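Undergrad: Below: one structure in structure tokens.
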Amino acid sequence: MSHEKSEQTETLLSQVPEYEEETLLEMYQQMQEIREFEQKTSELTEAGELPGAVHLYLGQEAIAVGTCLALGEDDFIGSTHRGHGHVLAKGGDIDRMMAEIAGRETGLNRGRGGSMHMVDFSLGIFGCNAIVGGSVPHVAGGALSAKLDGDDRVGVSFFGDGASNEGVVHETMNMASVWDLPVVFLCENNKYAVSTPEEYAVAGDQISDRADGYGFSGKTINGQNVLTVFEEVKEAVESAREDSRPQLVECKTLRYSGHFSGEKQLAWLEDRPYRPDDEVATWKERRDPIGSFREALVEGDVVPEARLDEIDEEVAAEIESAAEFAMESDYPPAEKAVENVYADQDYPNLPASKYR
Amino acid sequence: MADKSYIATIIEGYHEAMAEFDDSFLIGEDIRHALMGTTRDLVEEFGEERVLDSPISEQGFHGLAVGAAMDGKRPIIEYQINTMSYLGMDQLVNNAQKLRHMTDGQVSIPITITVNTAGAPGGSAQQHSDNAYPSLLNYGVKTVVPSTAYDQKGLFLSAVAEDDPVMVFWPSSVLGQRSEVPDEPYRIPLGEADVKREGEDVTVVAIGETVPMALSAAEELSDEADIEVVDPRSLLPLDEETIFESVRKTNRVVVVDSTNRTCGTAGDIAARIANHNFWDLDAPVKRVTRADAPVSYSPPEEQYILPDEETIIRAVRDIVM
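Protein chains in written order, with the numbering used here: chain L, 1 to 356; chain P, 1001 to 1321.
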């Protein structure tokens, strides 16, 4: 960190006195878990240990953590291709997540879905989704179901600046409004849809302005400040719950790594980068969600630095152990591939095999 | 002539097609920075007006391409991922494909749609691993699936010149394939199959990524059976005659394709052979396909679903024994 405190740290310093130490430490720990998890995932993929590509959540940790802590246990989320952080923050089992990404039998989906398809319905995780915008209507559908049940559950739909241009997202926002559905549309505007800048591809000043067009409230906030995210999302969630109405919260953020784990191999991007060289470094220095929070916790005399170091060590050990659990787990047996295509498997030759 | 990789001929084909047709433009996601490696240097050569990075709005940009085609343009669409065609399906099937017919020929929709690399095998899982052509063939969309660098360039340039929508599928596992490829533009007409290996005993009709598997199986089996490998290259139009002729000679056939078994491409080709070559056949027509299941992420399950050399060998042995 630079010696001079960033604006973000100053804001955090003004916010921390309002919180219990326990809550702050939980936030710190969860953000650190996501970061370590993603760094480990990145190491594993570079070592060729994972079957498929991964899309890392590094830099966006405050959004998943601040949002999920603002939710009740029965509230539910829909996630994206960049979903590890969301699943983790909503309570996903770290060992089973790592095993899923490694394609192992002990994974959340028994290794079948991998990084982009993790679910845990018992925790209200409706799933990551490999199709941009694909999970947004699912969350509204969950909210419709909650409304039919007459309960007060709220759904939070994570999506990106890229997805904000998908027709299905616009259609869903309209339906959520006309049918009064308790959904929080949680846009993580990380500036780039793969290589395409938000400034180029998204019309209008702010994504949150789009809520106006559909007749509900929208706001744009700093997605790098975990307390701001927590406070603003909490307000949106409670409002969605009380009024049974949609809300849109746009979090400004930046992904630190490439769109996907293979991007480093695309040599031609070195000559023609899609973002400024110093952008990530500047954000890391001035707006890192974990660094600035840590600084505020220490400077604000909330916890001694040694306690945070201790958490760091515990988290590192936890992630290391998750990776070991994953890598030591078996792959599922091949013939299970045709299980669970259908609910009932008693019909002959259904599903058909590749040869007979 | 030069030794070129499949992906190099994609880049070259794009440059040549856009140079040849002033009314063409390319639209797709992340094409200016060539995230998939296929569109390199196009924006430098043809400018941002003709190389459009689209917002993530597949149905929208597909529909825009249809509208531009109505106004006389020759759009090329690149799908970044194989399953994107599902998102553009209404504009592709219900509009692009039907417009000539429903206007009784008043309009041409000369759109080329390239379907990029991501896919199986490779841990791409359920939503990024489909070869979506059987459903599109069923709806009548012209489709080519080149399996070599040479075929790719020639078929792509023909696809762009066609006055109808044409899908060009680039199977992920053949992108590294290398052939001797002319430096100048050339066209391979749609509807011409290629005999990739001549043989006397068994015909293996193989499509796209299964062509190298069939060729390798043929070598593996060379002591047991002399295998002829026919690559249709173009699925619609389909060169039936080359397939029928091969089966007339060998009297035995296995059809291989990496799409689902039910209503898959192999089923359709097998039915045509059964109809036409019934009296030539000394054994049942066999199919090796994907199992009828979505593609799993974990490698053993993924392999269980996909066609492979081992299963092709088994199928050949079943009909020559």
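Yeah, the Cβ is synthetic: ideal placement off N, Cα and C, and Gly gets one too. All figures in this text were calculated on a predicted structure; none of them were measured in a lab.
1. What residue from SER244/L, LYS336/L and VAL233/L has the CA that sits closest to ALA64/L's CA?
2. List the residues of chain A whose Cβ lies closer than 7 Å to the Cβ of HIS84/L, in chain order.
3. Does ARG1317/P get closer than 7 Å to chain L when you measure Cβ to Cβ?
4. Taking CYS187/L as part of the alpha helix (DSSP H), name the residues at either end of that continuous run.
5. Count the other CB atoms within 10 Å of the CB of HIS1101/P; is the residue buried (16 or more) or exposed (fewer)?
6. With distances taken Cα to Cα, identify the nearest neighbour of ALA1278/P among TYR1304/P, VAL1253/P, GLY1264/P and TYR1297/P.
7. Buried or exposed: THR1103/P, going by 16 or more other Cβ atoms within 10 Å of its Cβ?
8. Of all the residues that make up the region 186-199 of chain L, which are near chain P by a beta-carbon distance shorter than 7 Å?
9. Do THR1289/P and ALA1266/P count as a contact pair if the criterion is CB distance below 7 Å?
10. Between the Cα of LEU1190/P and those of LEU1221/P, PRO1212/P, ALA1225/P and LYS1153/P, spot the shortest distance and give me the residue it belongs to.
11. Give the interface partners of TYR1014/P over in chain L, defined as CB-CB distance under 8 Å, in chain order.
12. CA-CA distance, VAL226/L and ARG241/L?
13. Skipping 5 residues on each side, what residues in its chain have a beta carbon closer than 8 Å to that of PRO351/L?
14. Does the beta-carbon of THR1117/P have 16 or more other beta-carbons within 10 angstroms, so that it is buried, or is it exposed?
15. Using the three-state DSSP reduction, which class does ILE1345/P fall into: helix, strand or coil?
16. Shorter than 7 Å from the beta carbon of HIS55/L to some beta carbon of chain P?
17. May I ask you to report which of helix, strand or coil DSSP gives SER1024/P?
18. Taking Cβ-Cβ distances below 7 Å as the criterion, which residues of the region 62-89 of chain L are in contact with chain P?
19. Which stretch, first to last residue, makes up the beta strand (DSSP E) that contains ASP1003/P?
20. Round the Cβ separation of LEU51/L and PRO1299/P to the nearest angstrom and send it over; I've been treating them as touching at under 8 Å.
21. Of the choices GLU1045/P, VAL1320/P and ALA1270/P, whose alpha-carbon is the least far from that of ALA1283/P?
22. What's the C-alpha gap between MET1018/P and THR67/L?
23. Determine the direct distance from the alpha carbon of PHE293/L to that of GLN15/L, and round the result to whole angstroms.
24. Which residues bound the alpha helix (DSSP H) around CYS68/L?
25. Let me check understanding here. Comparing Cα to Cα, which of ILE1056/P, VAL1285/P and HIS1033/P lies closest to ALA201/L?
26. Below 8 Å on the Cβ atoms is my contact criterion, and I expect GLY223/L with GLN60/L to pass it. Report the Cβ-Cβ distance as a whole number of Å.
27. Is the region 111-118 of chain L touching the region 170-184 of chain L in the sense that three or more CB pairs, one from each, lie closer than 8 Å?
28. For ALA1161/P, which of TRP1170/P, GLY1176/P and LYS1142/P has the nearest alpha-carbon?
TA: Looking at the coordinates:
1. VAL233/L
2. Absent here is chain A; the protein component of the structure consists of chains L and P.
3. no
4. Not the alpha helix (DSSP H): CYS187/L falls in the beta strand (DSSP E), residues 183-189.
5. exposed
6. In the sequence under discussion, the amino acid at residue 1278/P is Phe, which differs from the Ala named in the question. The shortest C-alpha separation from PHE1278/P is found at VAL1253/P.
7. exposed
8. ALA193, VAL194, SER195 and THR196
9. yes
10. LYS1153/P
11. Here the premise fails: no neighbours, minimum Cβ distance about 15 Å.
12. 22 Å
13. VAL338, VAL341 and TYR342
14. buried
15. An answer regarding residue 1345/P cannot be provided, because it is not within the stretch 1001 to 1321 covered by chain P.
16. no
17. strand
18. none
19. 1002-1005
20. Before going on, a small fix: residue 51/L reads as Pro here, not Leu. Sure, about 5 Å apart at Cβ, within 8 Å.
21. VAL1320/P
22. 47 Å
23. 11 Å
24. 61-69
25. ILE1056/P
26. 7 Å
27. no
28. LYS1142/P
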